[in-house]
Each structure stands twice: as C-alpha cells, then as structure tokens.
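Here is the structure we will look at, set down as structure tokens.
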Amino acid sequence: MDSEKDIASQVEHQLGPSSKDGASSDGSLPELVWTEEEERAIRRKIDWHTVPLVTLLYMLCFLDRVNIGNARIQGMAVDLDLGGFKINWALSIFYIIYLLVEVPSNVLLKHIGPRYYLPLLVCAFGFVSMCTAFVTTFEGLLGARAILGVFEGGAMPGMAFFLSCFYKRNELLFRIGIYVSAASIAGAFGGLLAAGLSRIPEWGVASMRIAMWRNIFFFEGIITILVGLLSPIWMPNTPSDAYFLSPRERLIAAERLAREHKANPNEKVTWADAKQAFLTLHNYTCALGFFLINITVQGLSVFLPTILNDLGWTNTQAQLYSVPPYVCACFVAVAVAYASDRTQQRGIWLAAFSCLAVVGFAILRWAENANVRYMAVFFVTVGAFPGGPGFLSWAMNNSAGPSVRAVTTGYVVMLGTMGGIVATWTYTFLDAPKYRTGHTINLAGNLAVVFLSIFGILYCTYENRARAAGKRDHRLEGLTEDQQERLGNKHPRFRYWT
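Every position in the sequence shown, counted from 1, becomes a number in our numbering once 352 is added.
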C-alpha cells in the first residue's frame, strides 16, 4: 500500500473555484483541494462498502440477543422451567455484562482496527447463540447469556464508532439510522424465522435432540458465524487505507474529516480524551435519553411476542403479528434519520416522535380491546425506535476528535444499556396479561425523553450563543496551536448541533 508521502505526491495542489480550501489539521498537506463532485463520489463508495455490511452485522447481533423472546413461547420456558422471575434474570445477566465491556471494547477497537475486530465479535456471539441450543438447565442459560453479553457488548458502540470514522457530522445520523434500524429488521425477521425454524422436524443425536426453540438458536447462530467469517473481505479499516479508493481518494476521505474535527484520525486514546468525554454535560443528556429509550426498545424486543401471545393469539400468530410493527419502525427510523441530517437538527425530531410513543403506551395502559392495543404497538415502535440512533449520533456529532468520539460512543451506549437492565424487569409474570405496570413505566420514560430532548436543544443553543459572543475565548489563553486543536468540542469555534 502507498505511504502517505507517495499518495501526497500524486495530489494536485491547485485551487479551483469549486474546490474545498483551508489548511490540513496537521499542516502536512496545506494545499490539498477537491471538488464537490469528487467528495460525493467518494462518499458513495464509502456508503456501499460500510453501511450495508454494518447493517447486516447489527441485525444479526440484535437477532441473537432477542431470539430468547421468540424461543420462550416456543417451549423454552417449559423445557428449562423458567417460571417466576427466572426469565427476567436470564435477560438481566446479559445486559449487566454487556454494559461492563462497552467502553473497554471501543478502546481496544481503536487500537486493533475494525476490519478484523468487529467480525471477530460477530463470530463469537454467533457461536454462543448456536451453543445455547444445547442448554438444558436454567443455570446453563444464565452462563450462555453472560458470555453472549461479553461479545455483544462491543458490537453496537464499535459499529457506531466505525461509521463515525468515515462520515462528517451532517452525514452521520442517516447512516447510523440505517444500521440501527437493523434492530427493527431483526424484530421483523425474528418473528418470521422463529415461526419457520420452530417447525423443523426434530433432529440430532440420542443424547441431544434439537427441535422447536433449539432450532431457533442453532440456525440463527450458524448464519451469524458464516457472515462474520466473510465480513473482513468487504470491510475497510480506515479512510486512509480503504482498499476500494484510489490513492488520491484515500487522502481526501481522511482529510475532509480531519478538517472538520480538527484532529488526527489516527490519534490514540489518552486519559485526556476520556476525561473530556466524561466531563461533557451534553453527553449525559444523550446517555440518559438513550437509557430511557432503551427501556422501551429492549423491553419490546424481548417481550413483544409474549405481550401479543397474552392478547389471546396462538404462539405462531404472536410471532407473525410481531412483524408489521417492526417493519413500520424500520422505515420510519431511516426516514427520520435522513430528515434529521438534512435539517441538521436532532432534539426536535426526538421530542416529536417520543410524543407518539407516549400516546401508544397510554392506549396500551388503559385500552381493553385487543385490536386497539395492537394498533398502539405500532405507535410505540414507530415513536421509540428512531430515538436510539438519534441520541447516539447527537452525542457523537457534538464530540470532536476520533479518540474522544470513541470514548463518548462507548460510555453513552454503556449508560444507555442500563435501560436494557431495567427493561428486563418491566414486564413480569405478576403483571400478566395486561402488563399495566410495564406500560406505565414506559409511558413515563418516553414522556421524560420529550422534556430531555427539549433541554438538550436549549443547552446547545445557549452554549453556541455564548461561544459566538466570545464568552469561551478564554479557553485559548496560553495554549499552543496543537493544544488548542486538542480542545475538541470545548474549542470556542466548535458549534453544537441542536
């Protein structure tokens, strides 16, 4: 592969009327220019080689996480004696381990690189999912879910950080929206796959027969492993060494991000980066919002088949009826992400769609008719599913520098994952079949998201105005140029997205 010096020698250093101008963030290529047409062509190539693959990987990640909800009503609860709160503990142990590995995993990803690290995680959690088919006790299920959390914990923040290394701030949410929409795709396919796989005739050896719910874990795990093994063939590592770009395109792809973030894309994570990420107030706004949204998204993903089953439908009907709400949520989440990027607004979209989720949970809480309650499920999924990528990208947009973004992504998702732990206890056997307590918790959570989004808008607007008025210029006093650039989102010239 060409070195940066070899690549630079091929770059034209002539400014044109339609060119991007400005010095490189590190001063190494002060005259590198390119046209809008070149940048669009590069972005299309990056889109093709990153977004579809990451979407597929996250769909499999989410599918292997929530298929326990589908398996539960296909005989697993009876075979493993999951009465009482046992299913809730099996779900909780996953999220407890999951949140503990998120930040360390992202730091490790930054050092190793995503091309092999992310597929390794995918193969690992696919293998664990496959092995869950052979579990025969509640204790075995707990162990399998804990190990699954180890490998899945780094997947979502890792994939989000991976995309942030290829896209500018105004391009990011649409791409993250597409890949996180894989959660709703997984919900849709999960119901279809569960209905089909559970009907495969019994097979296996005398000591271990595979049938019903065991087929769900086994075959979904096998599919995940195969995709993970093939992923490095297609996945790039960084813009500067992307195999599908020409030498000049690689340089432009890296430089356009370095200029926007005023940082070296190859910098290593330091304690100063971690401190900046942890001391940014806006990150806590996004993390709390992600936490509240996750109570809804993770809760529905696991318990929706059971909720629908308790409406009076058969196991197969419940699996199939869970598909349409997820399909609608997928399309709406992508559309909201696209509109949010186009308008360069985050908070207003989060607030508006959370209102729709509030209405849905209010209907679920107080309505009695099964068809009306099913309609409310559409309101909830459409209103809640855009929230996850919205809050995550809002935090990433307002974190300058790849190292700070790596830490921000990890800990925002880590704190948000705590919502998954809460979600595992919102719907219990004591509350069946109406689940009024669970619906009330989610109603209050989504109402809080509305107010939290409004707070985020007001804070970012206030901070931008203060910087425009010169009230943050004192941060530059006594600093060298390099130290000023490392201020990142604390720099007086940096502007927050609202």
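From the three backbone atoms N, C-alpha and C, an ideal C-beta is built for every residue, glycine too.
Worksheet item: Leaving out five residues before and five after Gly740 in sequence, what residues of the same chain have Cβ atoms less than 8 Å from its Cβ?
Response: As a first step, residue 740 must be located in the sequence shown, where it is residue number 388. The residues are Val532, Ala535, Phe642, Ile645, Asn646, Val649, Gly768.
Discussion item. List, from N- to C-terminal side, the alpha helix (DSSP H) runs of 4 residues or more that fit wholly inside the stretch 797-839.
Written reply: 833-837
Worksheet entry | For Ile562, three-class secondary structure by DSSP | Numbered from 1 along the sequence shown, position 210 holds the residue referred to as residue 562. Here Ile562 sits in strand by DSSP.
Practice prompt. Run through the stretch 724-798 for me and flag every whole alpha helix (DSSP H) of 4 or more residues, listed as ranges in chain order.
Written response: 739-749, 754-775
Worksheet item: Going by beta carbon distance, what residues of the same chain come within less than 6 Å of Leu409, once the five residues before and after it are set aside?
Response: On the sequence shown, residue 409 is found 57 positions in, with the first residue counted as 1. Once the five neighbours on either side are set aside, the close Cβ partners of Leu409 are Val474.
Discussion item. Just to confirm the assignment, what range does the beta strand (DSSP E) spanning Trp555 have?
Written reply: Numbered from 1 along the sequence shown, position 203 holds the residue referred to as residue 555. 555-557 is the span of the beta strand (DSSP E), which, as asked, contains Trp555.
Practice prompt. Note down, in chain order, each residue of its chain lying with its Cβ closer than 6 Å to the Cβ of Val679, except the 5 sequence neighbours on either side.
Written response: Position 327 of the sequence shown, counting from 1, holds the residue named residue 679. These residues qualify, in order along the chain: Ala540.
Worksheet item: When the Cα atoms are used, what is the spatial distance from Ala393 to Leu515?
Response: Mapped onto the sequence shown, residue 393 falls at position 41. Mapped onto the sequence shown, residue 515 falls at position 163. For Ala393 and Leu515, the distance between alpha carbons rounds to 17 Å.
Worksheet entry | Inter-residue Cα distance where the pair is Thr632 and Asn522 | Along the sequence shown, one-based indexing puts residue 632 at 280. Along the sequence shown, one-based indexing puts residue 522 at 170. Going from the Cα of Thr632 to the Cα of Asn522 covers about 20 Å.
Practice prompt. Could you tell me if Tyr814 is buried or exposed, where buried requires 16 or more neighbouring beta carbons within 10 angstroms of its beta carbon?
Written response: Your numbering for residue 814 matches position 462 in the sequence shown. Classification of Tyr814: exposed, given that the 10 Å Cβ count is below 16.
Item to complete: Determine the DSSP secondary structure at Thr484, reduced to helix, strand or coil.
Response: Residue mapping note: residue 484 aligns to position 132 of the sequence shown, counting from 1. Helix at Thr484.
Discussion item. Less than 8 Å between the C-beta atoms of Thr637 and Gly772, yes or no?
Written reply: By one-based count along the sequence shown, residue 637 stands at place 285. By one-based count along the sequence shown, residue 772 stands at place 420. No, Cβ-Cβ distance for Thr637 and Gly772 is not below 8 Å.
Fill in: Euclidean distance between Cα positions of Ile574 and His826
The residue you call residue 574 lines up with position 222 of the sequence shown. The residue you call residue 826 lines up with position 474 of the sequence shown. One C-alpha to the other measures close to 57 Å.
Discussion item. If I follow the unbroken alpha helix (DSSP H) through Phe630, where does it start and stop?
Written reply: What you label residue 630 is simply residue 278 of the sequence shown in a count that begins at 1. Taken as a continuous stretch (DSSP letters only), the alpha helix (DSSP H) holding Phe630 covers 623-630.
Worksheet entry | Among Ile425, Trp400, Val759, nearest to Trp623 - alpha-carbon criterion | Within the sequence shown, the letter at position 271 stands for residue 623. Ranking the options by Cα distance to Trp623, first place goes to Val759.
Fill in: Nearest-angstrom Cα separation, counted from Cys812 out to Ser376
Numbered from its first residue, the sequence shown carries residue 376 at position 24. Numbered from its first residue, the sequence shown carries residue 812 at position 460. Note that Ser376 scores a pLDDT of 43, beneath 50, so its modelled location is shaky; the value from the coordinates is reported in the next line. Approximately 27 Å, taken between the alpha carbons.
Discussion item. So, at 6 Å on beta carbons, what are the nonlocal neighbours of Val729 in its own chain, with the 5 sequence-adjacent residues on each side left out?
Written reply: Against the sequence shown, residue 729 aligns to sequence position 377. Result list for Val729: Pro677, in chain order.
Worksheet item: Just reading off the alpha helix (DSSP H) that Cys638 is part of, what are its end residues?
Response: Here residue 638 refers to the residue found at position 286 of the sequence shown. Run containing Cys638: 633-661, per the alpha helix (DSSP H) assignment.
Item to complete: Could you check if Asp834 is buried or exposed, using at least 16 other CB atoms within 10 Å of its CB as the buried criterion?
Response: Indexing the sequence shown from 1 puts residue 834 at position 482. Counting Cβ neighbours within 10 Å, Asp834 comes out exposed, since fewer than 16 surround it.
Item to complete: Measure the alpha-carbon distance for Leu295 versus Phe655 and round it to whole angstroms.
Response: Because the chain is modelled from 353 through 850, residue 295 falls outside the range shown and cannot be assessed.
Item to complete: Return the chain-ordered list of same chain residues with a C-beta closer than 8 Å to the C-beta of Gly830, the five sequence neighbours on each side being excluded.
Response: As a working mapping, residue 830 is identified with position 478 in the sequence shown. Here the set comprises nothing.
Worksheet entry | Buried versus exposed, by CB contacts within 10 Å (16 or more), Lys462 | Numbered from its first residue, the sequence shown carries residue 462 at position 110. Buried: at least 16 other Cβ atoms inside 10 Å.
Worksheet entry | Extent of the continuous alpha helix (DSSP H) run through Asp433 | For the purposes of this step, residue 433 is identified with residue 81 of the sequence shown, where counting begins at 1. From DSSP, Asp433 is part of no alpha helix (DSSP H); its letter is neither H nor E.
Fill in: C-beta atoms of Ile425 and Pro785 nearer than 8 Å
Against the sequence shown, residue 425 aligns to sequence position 73. Against the sequence shown, residue 785 aligns to sequence position 433. In this structure, Pro785 does not lie closer than 8 Å to Ile425 by Cβ.
Fill in: Close beta carbons around Pro651, own chain, < 6 Å, minus the five adjacent residues each side
Translated into the one-based positions of the sequence shown, residue 651 becomes position 299. A quick correction: the sequence has Gly, not Pro, at residue 651. Same-chain partners within the cutoff: Ala775, Thr778.
Discussion item. Can you confirm whether Leu581, when its beta carbon is compared against all beta carbons of chain B, has any partner nearer than 8 Å?
Written reply: As a matter of chain content, chain B is missing from the structure shown, which is built from one protein chain.
Discussion item. Using a Cβ-Cβ cutoff of less than 7 Å, which residues in the same chain neighbour Thr488 once the five nearest sequence positions on both sides are dropped?
Written reply: As a first step, residue 488 is located in the sequence shown; it is residue number 136 there, counting from the start. Excluding residues within five positions, none has a Cβ falling inside 7 Å.
Discussion item. Given a cut-off of 8 Å on the beta-carbon distance, is the pair Ala705 and Ile715 in contact?
Written reply: Position 353 of the sequence shown, counted from the first residue, corresponds to residue 705. Position 363 of the sequence shown, counted from the first residue, corresponds to residue 715. Just to set this straight, residue 705 is Phe in the shown sequence, not Ala. Result no, Cβ atoms of Phe705 and Ile715 do not sit closer than 8 Å.
Worksheet item: Taking the runs of the alpha helix (DSSP H) that are 4 residues or longer, which of them lie wholly in the stretch 699-728?
Response: 699-718
Discussion item. Taking a contact to mean a Cβ-Cβ separation below 8 Å, would you say Ile445 touches Ala498 in this structure?
Written reply: Along the sequence shown, read from residue 1 onward, the residue named residue 445 stands at position 93. Along the sequence shown, read from residue 1 onward, the residue named residue 498 stands at position 146. Result yes, Cβ atoms of Ile445 and Ala498 sit closer than 8 Å.
Discussion item. Using only the alpha-carbon positions, how far apart do Cys517 and Arg694 sit?
Written reply: For the purposes of this step, residue 517 is taken as the residue at position 165 of the sequence shown. For the purposes of this step, residue 694 is taken as the residue at position 342 of the sequence shown. Cα to Cα, Cys517 sits roughly 20 Å from Arg694.
Worksheet entry | For Leu500 and Trp441, believed in contact at Cβ under 8 Å, the rounded distance | Working through the sequence shown from its first residue, we reach residue 441 at position 89. Working through the sequence shown from its first residue, we reach residue 500 at position 148. Actually they are not in contact, since the Cβ atoms of Trp441 and Leu500 sit about 14 Å apart, beyond 8 Å.
Fill in: Contact under 8 Å by Cβ, Gly510 with Leu470
Locating residue 510 in the sequence shown gives position 158, where the first residue counts as 1. Locating residue 470 in the sequence shown gives position 118, where the first residue counts as 1. Their beta carbons are under 8 Å apart, which means Gly510 touches Leu470 by this criterion.
Worksheet item: By Cβ distance below 7 Å, which residues in the same chain neighbour Leu549 in space, the five residues on each side in sequence not counted?
Response: In the sequence shown, counting from the first residue as 1, residue 549 sits at position 197. So the qualifying residues of the chain are Asn567, Ile568, Phe571.
Worksheet item: Helix, strand or coil for Ser377 per DSSP?
Response: Against the sequence shown, residue 377 aligns to sequence position 25. No answer about Ser377 holds up, because its pLDDT of 43 lies below 50 and its placement is not dependable.
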